[in-house]
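> FYI, in the working numbering the residues of the sequence shown are 19 to 341. Ideal placement from N, C-alpha and C gives every residue a C-beta, glycine not left out. For clarity, every value in this text was computed on a predicted model and none was experimentally measured.
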Amino acid sequence: MKPTILLTGKTGQVGSELNRLLPKLGRVIAPGRNELDLREPEQIRQVMRSTKPQLVVNAAACTAVDAAETDEANALAVNAEAPRLLAQEAKKIGAMLLHFSTDYIFDGAKKAPYVETDPSNPLNAYGRTKLAGEEAIRNSGVAHLIFRTSWVYATYGRNFLLTILRLATEREELRVVGDQVGAPTCALDLAEAATRIVADMIAGDKRPFAFSDANGTYHMTAAGQTSWYEFANAILEEARRAPQDLPWLASATMGRPLIARRVVPISTEEFPLPARRPANSVLSNARLKQVFGVTLPDWHMQLQKCFSPERIPANSPAVSSSH
Ligand SMILES: NC(=O)c1ccc[n+]([C@@H]2O[C@H](COP(=O)([O-])OP(=O)(O)OC[C@H]3O[C@@H](n4cnc5c(N)ncnc54)[C@H](OP(=O)(O)O)[C@@H]3O)[C@@H](O)[C@H]2O)c1
Numbered sequence: 019m020k021p022t023i024l025l026t027g028k029t030g031q032v033g034s035e036l037n038r039l040l041p042k043l044g045r046v047i048a049p050g051r052n053e054l055d056l057r058e059p060e061q062i063r064q065v066m067r068s069t070k071p072q073l074v075v076n077a078a079a080c081t082a083v084d085a086a087e088t089d090e091a092n093a094l095a096v097n098a099e100a101p102r103l104l105a106q107e108a109k110k111i112g113a114m115l116l117h118f119s120t121d122y123i124f125d126g127a128k129k130a131p132y133v134e135t136d137p138s139n140p141l142n143a144y145g146r147t148k149l150a151g152e153e154a155i156r157n158s159g160v161a162h163l164i165f166r167t168s169w170v171y172a173t174y175g176r177n178f179l180l181t182i183l184r185l186a187t188e189r190e191e192l193r194v195v196g197d198q199v200g201a202p203t204c205a206l207d208l209a210e211a212a213t214r215i216v217a218d219m220i221a222g223d224k225r226p227f228a229f230s231d232a233n234g235t236y237h238m239t240a241a242g243q244t245s246w247y248e249f250a251n252a253i254l255e256e257a258r259r260a261p262q263d264l265p266w267l268a269s270a271t272m273g274r275p276l277i278a279r280r281v282v283p284i285s286t287e288e289f290p291l292p293a294r295r296p297a298n299s300v301l302s303n304a305r306l307k308q309v310f311g312v313t314l315p316d317w318h319m320q321l322q323k324c325f326s327p328e329r330i331p332a333n334s335p336a337v338s339s340s341h
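(1) Whole angstroms are fine: how far does the CA of Pro292 sit from the CA of Gln262?
(2) Buried or exposed: where does Pro71 fall if 16 or more other Cβ atoms within 10 Å of its Cβ makes it buried?
(3) For the candidate residues Lys110, Pro21 and Arg38, whose alpha-carbon lies nearest to that of Ala161?
(4) Closer than 8 Å is the cut-off here; do at least three beta carbon pairs connect the stretch 22 to 40 with the stretch 192 to 209?
(5) Quick test of your reading: Gln320 and Thr203, contact by CB under 8 Å. State the CB separation rounded to the nearest angstrom.
(6) Which same chain residues end up closer than 6 Å to Ile182 when comparing Cβ atoms and leaving out the 5 residues on each side of it in sequence?
(7) Ordered along the chain, which non-local residues of its own chain (more than five positions away) have a Cβ less than 8 Å from that of Leu264?
(8) Out of Leu24, Tyr171, Ile123 and Leu73, state which residue places its alpha-carbon closest to the alpha-carbon of Gln322.
(9) To the nearest angstrom, report how far apart Ala108 and Ile155 are at their CA atoms.
(10) Applying the 10 Å Cβ sphere with the 16-neighbour rule, what's the burial state of Met19?
(11) Which residues share a DSSP beta bridge with Ile164?
(12) Given 6 Å as the limit, tell me if Gly151 has its C-beta closer than that to any heavy atom belonging to ligand 1.
(13) In terms of residues, what are the limits of the beta strand (DSSP E) holding Thr284?
(14) How do the stretch 122 to 137 and the stretch 74 to 82 stand: do at least 3 beta-carbon pairs fall below 8 Å, yes or no?
(15) Indicate the three-state DSSP secondary structure (helix, strand or coil) for Ser269 in the structure shown.
Spelled out as structure tokens, the structure:
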């Protein structure tokens with residue numbers, strides 16, 4: 019029998035893709051924020067108890083990194099208290115919890131890619147709340163998978179890709195931070211990798227999700243690494259090569275021409291933001307490959323795929339389920 023999967027965050031970058039992919043694996047119940055506000059513990063309890071899922075996929079989060087500096091309580095409620103409660107409720111009914119976390123739980127001082135066992139030391143409020151969420155899940159004893167990812171973007175939503183394209187229609191020169199490195203990860207590739215792992219778990223066990231052999235925390239990002247500056251250059255290069263009537267591109271540029279001629283690398287100090295960011299956000303994906311045999315494509319390949327006319331974004335009219 020197909021498992022029941024409760025998905026949160028179906029309007030987000032990663033959640034939109036999961037909402038399209040997961041129905042192949044089970045009966046997906048995906049309440050929107052109006053049906054399940056994760057700041058409301060009673061709503062979480064009620065939805066968990068009425069839907070009784072075998073798998074909970076928590077793709078919701080408060081991802082406004084700078085806003086979290088002045089409203090850490092809101093970020094804490096969504097990023098830590100809600101996962102804590104989802105984990106407790108899931109444990110009670112023998113369900114598994116799949117959750118996403120972030121490179122921002124690290125301080126970025128390491129000179130090599132971070133592995134899962136490296137000590138955490140978040141530099142900002144968002145990172146602190148996401149770390150608290152991870153710890154609550156691990157401490158709950160629920161069967162869980164935590165996938166830490168980085169620099170997520172999609173052809174919809176709010177992200178660096180769309181910001182650069184918009185700015186490139188407004189300015190001849192773009193100044194972009196060059197001294198932070200990471201792995202830009204496309205929401206679709208991330209969702210595909212997570213879905214493949216869930217599919218294997220369903221296929222490989224008589225009682226889906228009841229086992230916990232693979233329980234734990236994994237890094238899941240695009241392969242390779244780059245800086246925001248190099249990523250911006252790659253975006254503009256691909257955008258100039260792409261068919262300009264690509265619907266998402268035309269919407270990102272509002273049909274205006276790209277007038278940016280130069281991208282200038284600047285330092286983090288030259289672009290002050292409320293929240294500090296790690297200089298090194300690169301995560302090693304070796305454990306993911308070793309345990310699940312899953313590797314995400316290189317960041318540049320992921321970007322190129324976004325500009326391919328064959329690619330259909332998850333926010334276009336598509337099969338979806340709702341609560
Ligand atoms: N974005 C990144 O660069 C990045 C980097 C590393 C890790 N991650 C992690 O990856 C995961 C997915 O991120 P994303 O980029 O897909 O996020 P996103 O696009 O910002 O989407 C967040 C989702 O959470 C929902 N949400 C927020 N507050 C809620 C609340 N109080 N109740 C119910 N739903 C709520 C939003 O619903 P509404 O549409 O109603 O607001 C939206 O569906 C998160 O765990 C995030 O921390 C993201």
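Working from what's here:
(1) Mapped onto the sequence shown, residue 262 falls at position 244. Mapped onto the sequence shown, residue 292 falls at position 274. When rounded, the distance between both Cα atoms is 35 Å.
(2) Your numbering for residue 71 matches position 53 in the sequence shown. Buried, by the Cβ-count rule.
(3) Stepping through the sequence shown from its first residue, residue 161 is reached at position 143. Answer by Cα proximity: Lys110.
(4) yes
(5) Numbered from its first residue, the sequence shown carries residue 320 at position 302. Numbered from its first residue, the sequence shown carries residue 203 at position 185. 7 Å between Cβ atoms; contact.
(6) One-based indexing of the sequence shown puts residue 182 at position 164. Cβ neighbours of Ile182 beyond the five flanking positions: Ala250 and Ile253.
(7) Against the sequence shown, residue 264 aligns to sequence position 246. So the list reads Phe325 and Pro327, once near-sequence residues are dropped.
(8) Residue numbering aside, residue 322 sits at position 304 when the sequence shown is read from its first letter. Minimum Cα distance to Gln322 is reached at Tyr171.
(9) Here residue 108 corresponds to residue number 90 of the sequence shown, with the count starting at 1. Here residue 155 corresponds to residue number 137 of the sequence shown, with the count starting at 1. Distance between the alpha carbons of Ala108 and Ile155 is about 10 Å.
(10) Position 1 of the sequence shown, counted from the start, is the residue given in the question as residue 19. Exposed: under 16 other Cβ atoms inside 10 Å.
(11) The residue given as residue 164 occupies position 146 in the sequence shown. According to DSSP, which records beta bridges pairwise, Ile164 is partnered with His117 and Thr235.
(12) Translated into positions along the sequence shown, residue 151 becomes position 133. Because no heavy atom of ligand 1 lies under 6 Å away, the Cβ of Gly151 does not count as near it: no.
(13) Position 266 of the sequence shown, counted from the start, is the residue given in the question as residue 284. Note on identity: in this sequence residue 284 is Ile, with Thr being the wrong assignment. Ile284 -> beta strand (DSSP E) spans Arg280 to Ile284.
(14) no
(15) Your numbering for residue 269 matches position 251 in the sequence shown. The answer is helix: DSSP assigns Ser269 an H, G or I state.
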